[in-house]
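**Q**
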Amino acid sequence: MKPSSRQEQLYAEAAARFGPALQRIAHATEADHDRQRDLVQDIHLELWRSLALFDGRSSLSTWVWRVAHNTAANHVVSAKRRNVPLVSLDDATPMNDPSDIVADFEAQETSQRLTALIRQLALPDRQIITLYLEGVSAAEIGLIIGMEPATIASRISRFKSRAARQFKEKTHD
Amino acid sequence: MTEQFEALQKAWQAAPEEPFVLDLANLQKKAAGFERTIRNRNLRELAAAAVVIAVFSGYFVAFPDLLARVGSALIILGTMFVVGVLYVQGKEGEASGAELAETCLAAHRRMLQRQRDLLAGVWLWYLLPLVPGLTVFTFATNPVDGIPLLQLALNALVFIGIGWFNARGARKLQQELDSLPLPTQIQTLF
Numbered sequence: 001m002k003p004s005s006r007q008e009q010l011y012a013e014a015a016a017r018f019g020p021a022l023q024r025i026a027h028a029t030e031a032d033h034d035r036q037r038d039l040v041q042d043i044h045l046e047l048w049r050s051l052a053l054f055d056g057r058s059s060l061s062t063w064v065w066r067v068a069h070n071t072a073a074n075h076v077v078s079a080k081r082r083n084v085p086l087v088s089l090d091d092a093t094p095m096n097d098p099s100d101i102v103a104d105f106e107a108q109e110t111s112q113r114l115t116a117l118i119r120q121l122a123l124p125d126r127q128i129i130t131l132y133l134e135g136v137s138a139a140e141i142g143l144i145i146g147m148e149p150a151t152i153a154s155r156i157s158r159f160k161s162r163a164a165r166q167f168k169e170k171t172h173d
Numbered sequence: 001m002t003e004q005f006e007a008l009q010k011a012w013q014a015a016p017e018e019p020f021v022l023d024l025a026n027l028q029k030k031a032a033g034f035e036r037t038i039r040n041r042n043l044r045e046l047a048a049a050a051v052v053i054a055v056f057s058g059y060f061v062a063f064p065d066l067l068a069r070v071g072s073a074l075i076i077l078g079t080m081f082v083v084g085v086l087y088v089q090g091k092e093g094e095a096s097g098a099e100l101a102e103t104c105l106a107a108h109r110r111m112l113q114r115q116r117d118l119l120a121g122v123w124l125w126y127l128l129p130l131v132p133g134l135t136v137f138t139f140a141t142n143p144v145d146g147i148p149l150l151q152l153a154l155n156a157l158v159f160i161g162i163g164w165f166n167a168r169g170a171r172k173l174q175q176e177l178d179s180l181p182l183p184t185q186i187q188t189l190f
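Below is the structure:
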């Protein structure tokens, strides 16, 4: 199938807007560095292929998020790369060293510990939390995942409770 | 607490990334590579079937006994049937662009259902077609004064074992399906 210039334009826009986020999805899915790179390429490939069908009935962001997360989910299932059993939000091993996290939120270790926590999660919790961390609204997450926003909000709230146990309460909060 | 979660979001979004070069020519090459991988997989399955068909075609010619020839012919037909099923199921297994743009729950559910059905169907689509031919051929190639019970028992054990493992896999997938949230009426993109 010869790619249309519209498809290429859409892809260029999607890659520019969501490129770093797509890498973070791959990072949250796959621990192995080489397979991460392969997954990033696969996500971009599937995104490009799928955009031939995009007709604007949804926003580009909803489309991109769906294709990216579904490709990542296929990667996990078809490669059977479950190095650790996947768990629900309530059973995920908490992040360690809360004092380090409180002391330095933006440290790379925070990001790494967060990624390790997210990799434990089963679908669709992993997808929901990843989207939440990207700043996507509960309403749009609901559209992407296929769940009611209230259910999405409830799962995000459980994640916050889980993570909040690791944080010291700030007096002005 | 809000501040802490905003900080978590910032830390997440600030994760270092490797540069990814947008290269349409490479993407097109990779797409062609995917199609080549699928073609090669199909060719491997065809090659394995061709070996089985060649061997039993040889037996058909070499054994003048009617029972042996019927058994060989049934195995050849059964093998061709299995290859056909593999081809059709392989085609159905490739996620289209439309399917990738489904809601994540729907896509995940569809993937698990497809895998569950594949495993649950092993008995029907992959083992049963070969049973008549193997049974007849076993009778034909064993001494006429005895029922080849041992050979038949071994065949049955292998087939039952394969069927059992696949059925167990299908049950696990069903459990995973049952644990998924129920689908809701969400805007479809098509």
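In order, the protein sequence lines correspond to chains A and B. Note that the numbering used here gives residue 26 to position 26 of the first sequence, counting from 1, and the numbers run on in steps of one. Note that the numbering used here gives residue 159 to position 159 of the second sequence, counting from 1, and the numbers run on in steps of one. Heads up, the beta-carbon is just placed ideally off N, CA and C, and yes, glycines get one too. Keep in mind the model is a prediction, meaning the values are calculated, not measured.
Can you give me, in chain order, the residues of the region 111 to 132 of chain A that have a beta carbon less than 7 Å from any beta carbon in chain B?
**A** Here the close residues are 111, 114, 123, 124 and 127.
**Q** Here's a check: name, in chain order, each residue in its chain whose Cβ is nearer than 6 Å to the Cβ of residue 78 of chain B, leaving out the five neighbours to either side.
**A** Taking the second sequence and counting its residues from 1, the one referred to as residue 78 of chain B is at position 78. Excluding sequence neighbours, residue 78 of chain B sits near 129, 130 and 133.
**Q** Apart from the five residues on each side of it in sequence, which residues of its chain come closer than 6 Å, Cβ to Cβ, to residue 65 of chain A?
**A** Locating residue 65 of chain A in the first sequence gives position 65, where the first residue counts as 1. So the qualifying residues of the chain are 144.
**Q** Please confirm if residue 91 of chain B has its CB atom under 9 Å from at least one CB of chain A.
**A** Here residue 91 of chain B refers to the residue found at position 91 when the second sequence is read from its first residue. Answer no: the Cβ-Cβ gap between residue 91 of chain B and chain A never drops below 9 Å.
**Q** With 9 Å set as the bound, which would you pick, yes or no: does the beta-carbon of residue 29 of chain A sit closer than that to a beta-carbon of chain C?
**A** You won't find chain C in this structure, because its protein chains are A and B.
**Q** Measure the alpha-carbon distance for residue 109 of chain B versus residue 157 of chain B and round it to whole angstroms.
**A** Residue mapping note: residue 109 of chain B aligns to position 109 of the second sequence, counting from 1. Residue mapping note: residue 157 of chain B aligns to position 157 of the second sequence, counting from 1. The straight-line gap from Cα to Cα measures roughly 33 Å.
**Q** So, at 7 Å on beta carbons, what are the nonlocal neighbours of residue 39 of chain A in its own chain, with the 5 sequence-adjacent residues on each side left out?
**A** In the first sequence, the residue the question calls residue 39 of chain A occupies position 39. Closer than 7 Å at the Cβ level, and outside the excluded window around residue 39 of chain A, lie 26, 29, 30, 72 and 75.
**Q** My output table needs one value for residue 123 of chain A: the three-state DSSP class, helix, strand or coil.
**A** Position 123 of the first sequence holds residue 123 of chain A. Residue state, collapsed to three classes: coil.
**Q** Which residue's Cα is closest to the Cα of residue 155 of chain B: B:28, B:127 and B:62?
**A** If you number the second sequence from 1, residue 155 of chain B lands on position 155. Considering only alpha carbons, the answer is B:127.
**Q** Starting from residue 47 of chain A, trace the alpha helix (DSSP H) in both directions and tell me its first and last residue.
**A** Within the first sequence, residue 47 of chain A is the residue found at index 47, counting from 1. 33 to 50 is the extent of the alpha helix (DSSP H) around residue 47 of chain A.
**Q** Give a yes or no on whether the minimum CB-CB distance between residue 102 of chain B and chain A is below 9 Å.
**A** On the second sequence, position 102 is the one that residue 102 of chain B refers to. Cβ-Cβ to chain A under 9 Å: yes for residue 102 of chain B.
**Q** Select from A:62, A:57 and A:126 the residue whose C-alpha is nearest the C-alpha of residue 136 of chain A.
**A** As a working note, residue 136 of chain A is residue 136 in the first sequence. Answer by Cα proximity: A:62.
**Q** So which of B:6, B:137, B:31 and B:174 has the shortest CA-CA distance to residue 56 of chain B?
**A** Counting from 1 along the second sequence, the entry for residue 56 of chain B is found at position 56. That would be B:137, whose Cα lies nearest to the Cα of residue 56 of chain B.
**Q** At the 9 Å Cβ level, is residue 165 of chain B part of the contact set with chain A, yes or no?
**A** Position 165 of the second sequence, counted from the start, is the residue given in the question as residue 165 of chain B. Chain A, which has no Cβ nearer than 9 Å to the Cβ of residue 165 of chain B, makes this no.
**Q** Would DSSP call residue 131 of chain B helix, strand or coil?
**A** Position 131 of the second sequence, counted from the first residue, corresponds to residue 131 of chain B. It is helical.
**Q** Expressed to the nearest angstrom, what Euclidean distance is found between the alpha-carbon atoms of residue 113 of chain A and residue 156 of chain A?
**A** Taking the first sequence and counting its residues from 1, the one referred to as residue 113 of chain A is at position 113. Taking the first sequence and counting its residues from 1, the one referred to as residue 156 of chain A is at position 156. Roughly 18 Å separates the two Cα atoms.
**Q** Buried or exposed for residue 129 of chain A, please, with buried defined as at least 16 other CB atoms from any protein chain shown within 10 angstroms of its CB.
**A** Walking along the first sequence from the start, residue 129 of chain A turns up at place 129. Classification of residue 129 of chain A: buried, given that the 10 Å Cβ count is 16 or more.
**Q** Kindly indicate if chain A contains any beta-carbon less than 9 Å away from that of residue 172 of chain B.
**A** Your numbering for residue 172 of chain B matches position 172 in the second sequence. False, the Cβ-Cβ gap to chain A never drops below 9 Å.
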